[in-house]
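Chains as they are written, first to last, in our numbering: chain A, 1 to 99; chain B, 100 to 496.
C-beta atoms are modelled at their ideal positions from N, C-alpha and C, and glycine is treated no differently.
Keep in mind the model is a prediction, meaning the values are calculated, not measured.
Let me begin by presenting the structure, written as structure tokens, before commenting on it.
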Amino acid sequence: MTNKINIDETISWQEITPGGNVCASGNSEEFHTGDWRTIKPVFIADKCNQCLLCAPVCPDLAIPVKDGKRGDFIYEYCKGCGICAKVCPVKAIEMKADN
Amino acid sequence: MSIRERLSGNEAIAFAMKQINPDVVAAFPITPSTEIPQYFSQYVADGQVDTEFVPVESEHSAISACVGSQAAGARTMTATSSCGLALMHEILYVAASNRLPITIAAINRALSGPININADHSDTMGSRDSGWIQIYSENNQEAYDNFIQALKIAEHKDVQLPAMVCQDGFITSHAVENIELIEDAKVKEFVGEYNPECYLLNEKQPMSIGPYDTPSYYLEHKRQQAEGMKNAKRVALEVAKEFEKISGRKYGLFEAYKLEDAEAAIVIINSTAGTAKDAVDKLRNEGKKVGLLKIRLFRPFPAEEIAKALKHVKVLAAMDKTESFSSQGGPLGAEIKAALYHEKESPTVINYIYGLGGRDVRVEDIGSVYEDLYKILATGITGETYRYLSVRDQEGK
């Protein structure tokens, strides 16, 4: 198998890839890791000075950066780890309970 | 022309490895398989192979290095025994589920405890459900032949599973016997190159291997893995046919010895089959219709074919050189009885535990098994179906 195939919960045992191997790169964006969070970061745009220290420390893809500026969180990828809030020098990210 | 030699079972395996010239061998020494990496490392030091030899610090590391190496796209091998195989246990499952056709030369030795270094099958029988193909060998010749065939079965696109080639520690691993070796070039041509469709070092096709599997997918992966194991039976026969062309030696899923018209028979694994054939010959000379079935493939277990070969037998002894502590017999006994379950008429099966921890099994011991079977035939009384062969018993004193 040299081409990536799409795997979802309808796939049969005959079609699934051996051992769950993924023969493609850049596909972690298809895997949403943010559904078991207990706390979530809240972006306070007014306080943000766009230093961009937060984006590279995010272990997933929860902080989108476009044209040199970060946008609001994409919660589908956020596990609520809080690293971004820790590194923010201007307290523009606040961790809050996520019910 | 094939090469006539005299080699021990360990030397035969090391020699097969040299001829195959794998990309990587990662190993840690343990009696009685130690000689295999020892002899092989000499080939490496002498420049007779191109193999990357990785001396690791434990068997868990040995098989883990094998997993990484095979996943990278390298043909990889190792050797081990007993507690070494037990220490590999966790990673055996990883190798199988990641569909990595690694080859292990497994030299059968009892598991501790009490600590013991001699032959029985408790080590590889403990790995029987790990997803590895298991091929058993009566002598050095079979160990050599099976090892060369094993990686070709394992690497087949319809199989993609690791394989272990088993033989009895010391009895065949250290005993020197005559052997017919195949010419280097023929072996190399037979095994060919390892060309996996996906591998980690392929820069043109990046891949992830061994991802976390959620409940939504694990079942499908296991079902697919089971299909690979089912296919291994067919592929083993195809490979055996090809092997016969270069060696003149015939292999099947098992060996039937004077079984066709047998009324009493035994099913046995590895070196004791040789002893048992002597017992069969002696009894045949006395006019008794006795036979034997020697297991070659234990995983996958060729149940249908074995049932067909055994269903006409009246009384049968399944010989387990290991305990399973089920209180009703050993793993071979369980497989044989399960295989015969759907036959309308099938033999009475007695399950013997024998030869544990390297206890010597003589022709007379096997003779006594056939005697027991004939007693059942004559009296119709089965008695205890779970027995220990030649165990010292207070009642016998």
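**Report entry** Selection of the stretch 6-18 of chain A by Cβ proximity to chain B, strictly under 8 Å
**Finding:** I7, E9, I11, S12, W13, Q14, I16 and P18
Next on the checklist: Output needed for L392(B): all residues of its chain with C-beta closer than 8 Å, excluding positions within five of it in sequence on either side, in chain order.
Outcome noted: Position 293 of the second sequence, counted from the start, is the residue given in the question as residue 392(B). Excluding positions up to five away in sequence, the list reads F353, E354, A355, Y356, L358, A364, I365, V366, I367, I405, A408 and L409.
Endpoints, beta strand (DSSP E) assigned at M95(A) | For the purposes of this step, residue 95(A) is identified with residue 95 of the first sequence, where counting begins at 1. Here the beta strand (DSSP E) through M95(A) covers I93 to A97.
Which partner residues of V417(B) appear in the DSSP bridge assignment? Locating residue 417(B) in the second sequence gives position 318, counting from the first residue. It is worth fixing the name first, because residue 417(B) is Ala in this sequence and not Val. The partner list for A417(B) (beta bridge, DSSP) reads V366(B) and N450(B).
Worksheet item: Are the C-beta atoms of G20(A) and some chain B residue less than 9 Å apart?
Response: The residue you call residue 20(A) lines up with position 20 of the first sequence. Output row for G20(A): interface = yes.
Beta-carbon separation (whole angstroms), G227(B) vs P430(B), contact threshold 8 Å: Within the second sequence, the letter at position 128 stands for residue 227(B). Within the second sequence, the letter at position 331 stands for residue 430(B). The sequence as given places Arg at residue 227(B); Gly does not occur at that position. R227(B) to P430(B), Cβ: 6 Å. Contact.
- Query: Does C58(A) get closer than 9 Å to chain B when you measure Cβ to Cβ?
  - Reply: The residue you call residue 58(A) lines up with position 58 of the first sequence. It does not; no Cβ of chain B falls within 9 Å.
With A97(A) and I39(A) assumed to form a contact (beta carbons below 8 Å), what rounded beta-carbon distance in angstroms separates them? Within the first sequence, numbered from 1, the residue matching residue 97(A) stands at position 97. Within the first sequence, numbered from 1, the residue matching residue 39(A) stands at position 39. Right, the Cβ-Cβ distance comes to about 6 Å (below 8 Å), so this counts as a contact.
Legend entry - Where the alpha helix (DSSP H) through M224(B) begins and ends: Residue mapping note: residue 224(B) aligns to position 125 of the second sequence, counting from 1. Run containing M224(B): S221 to G225, per the alpha helix (DSSP H) assignment.
field: Under 9 Å between C-beta atoms of S107(B) and E134(B)
entry: Counting from 1 along the second sequence, the entry for residue 107(B) is found at position 8. Counting from 1 along the second sequence, the entry for residue 134(B) is found at position 35. Taking 9 Å as the Cβ cut-off, S107(B) and E134(B) qualify as a contacting pair.
Classification of Q118(B) by the beta-carbon crowding that lies within 10 angstroms, buried from 16 upward:
Position 19 of the second sequence holds residue 118(B). Label assigned to Q118(B): buried.
Worksheet item: Taking only beta-carbon atoms, is A24(A) less than 9 Å away from chain B?
Response: As a first step, residue 24(A) is located in the first sequence; it is residue number 24 there, counting from the start. A24(A) counts as touching chain B.
Are the beta-carbon atoms belonging to P41(A) and G71(A) less than 9 Å from one another?
-> As a working mapping, residue 41(A) is identified with position 41 in the first sequence. As a working mapping, residue 71(A) is identified with position 71 in the first sequence. Not a contact, by the Cβ cut-off of 9 Å.
*Take F183(B) and list the residues in its own chain whose beta-carbon comes closer than 6 Å to its own, dropping the five residues that flank it on each side.*
Taking the first residue of the second sequence as 1, we reach residue 183(B) at position 84. The sequence given here places Gly at residue 183(B); Phe does not occur at that position. Contacts found: I129 and E158.
*asked:* Using 8 Å as the cut-off, can you tell me whether the stretch 265-277 of chain B makes contact with the stretch 335-347 of chain B, which would need three or more C-beta pairs spanning the two stretches below that distance?
replied: no
**OP:** At 7 Å on the CB atoms, spell out the chain A contacts of Y316(B), in chain order.
**Re:** Taking the first residue of the second sequence as position 1, residue 316(B) is located at position 217. Neighbours of Y316(B) on chain A, chain order: I16 and G20.
> Leaving out the 5 sequence neighbours to the left and right, which residues in its chain are closer than 7 Å to M1(A) when beta-carbon positions are compared?
Replying inline: On the first sequence, residue 1(A) is found 1 positions in, with the first residue counted as 1. At M1(A), the pLDDT of 42 sits below 50, so the modelled position is not reliable and the matter cannot be decided from this model.
**Message:** Please list, in chain order, the chain A residues whose beta carbon lies closer than 9 Å to that of M306(B).
**Reply:** Taking the second sequence and counting its residues from 1, the one referred to as residue 306(B) is at position 207. Simply N21, V22, C23, A24 and S25.
- Query: Does DSSP put A115(B) in a helix, a strand or coil?
  - Reply: Here the question's residue 115(B) lines up with position 16 in the second sequence. Helix.
Looking at chain A, which residues of the stretch 259-270 of chain B have a Cβ within less than 7 Å of any of its Cβ atoms?
Q259
| Across which residues does DSSP place E151(B) in a beta bridge pair? | As a working mapping, residue 151(B) is identified with position 52 in the second sequence. Paired residues: V123(B).
- Collapsed DSSP secondary structure at F397(B) in the structure displayed: Working through the second sequence from its first residue, we reach residue 397(B) at position 298. Correct three-state label for F397(B): strand.
Three or more C-beta pairs closer than 8 Å, one from the stretch 476-489 of chain B and one from the stretch 445-460 of chain B: is that the case here? yes
### Query
Would you call D19(A) buried or exposed, if buried means 16 or more other Cβ atoms sit within 10 Å of its Cβ?
Sequence index remark: in the first sequence, residue 19(A) carries index 19 (1-based). First, the amino acid is wrong: residue 19(A) is Gly here, not Asp. G19(A) is buried by the Cβ-count criterion.
**Prompt:** Using DSSP with H/G/I as helix, E/B as strand and the rest coil, what is P41(A)?
**Reply:** Against the first sequence, residue 41(A) aligns to sequence position 41. If DSSP states are grouped into helix, strand and coil, P41(A) belongs with the strands.
- prompt: Mind pulling the chain A residues with CB within less than 8 Å of S196(B)?
  reply: The residue you call residue 196(B) lines up with position 97 of the second sequence. Residues of chain A passing the Cβ test: G19.
Measuring alpha carbon to alpha carbon, tell me which of N6(A), K69(A) and D8(A) ends up nearest P56(A). Locating residue 56(A) in the first sequence gives position 56, counting from the first residue. Comparing Cα positions, the closest option is K69(A).
Next item on the list: Show which residues of chain A have a CB atom less than 9 Å away from the CB atom of F320(B).
Entry: Locating residue 320(B) in the second sequence gives position 221, counting from the first residue. A small correction: the amino acid at residue 320(B) is His; Phe does not occupy that position in the sequence shown. Ordered by position in chain A, the residues that pass the 9 Å Cβ test against H320(B) are W13, I16, T17, P18, G19 and G20.
Jot down the residue ranges of each uninterrupted alpha helix (DSSP H) in the stretch 234-304 of chain B, minimum 4 residues, whole runs only, in chain order.
239-254 and 283-290
- prompt: Between which two residues does the alpha helix (DSSP H) containing F342(B) stretch?
  reply: Locating residue 342(B) in the second sequence gives position 243, where the first residue counts as 1. F342(B) -> alpha helix (DSSP H) spans Y317 to S346.
- In chain A, what lies closer than 8 Å to P310(B) by C-beta? The count along the second sequence starts at 1 and reaches residue 310(B) at position 211. Result: G20, N21 and V22.
Just to confirm my understanding: we take R458(B), look at its own chain, exclude 5 residues before and 5 after, and list those with CB closer than 6 Å. What are they? Within the second sequence, residue 458(B) is the residue found at index 359, counting from 1. There are no such residues.
Review point. In whole angstroms, what is the alpha-carbon distance linking A375(B) and K443(B)?
Key: By 1-based counting over the second sequence, the position of residue 375(B) is 276. By 1-based counting over the second sequence, the position of residue 443(B) is 344. Each residue's Cα considered, the two are about 28 Å apart.
**Prompt:** Hey, quick one: how far does the alpha helix (DSSP H) through M187(B) stretch, first residue to last?
**Reply:** Mapped onto the second sequence, residue 187(B) falls at position 88. S181 to S196 is the extent of the alpha helix (DSSP H) around M187(B).
Legend entry - From M187(B), L476(B) and G386(B), residue whose alpha carbon lies closest to that of A178(B): Taking the second sequence and counting its residues from 1, one reaches residue 178(B) at position 79. If we check each option's Cα against that of A178(B), M187(B) comes out closest.
Task: Beta-bridge pairing of F353(B) - partner residues as DSSP gives them - done: Counting from 1 along the second sequence, the entry for residue 353(B) is found at position 254. According to DSSP, F353(B) bridges with I394(B).
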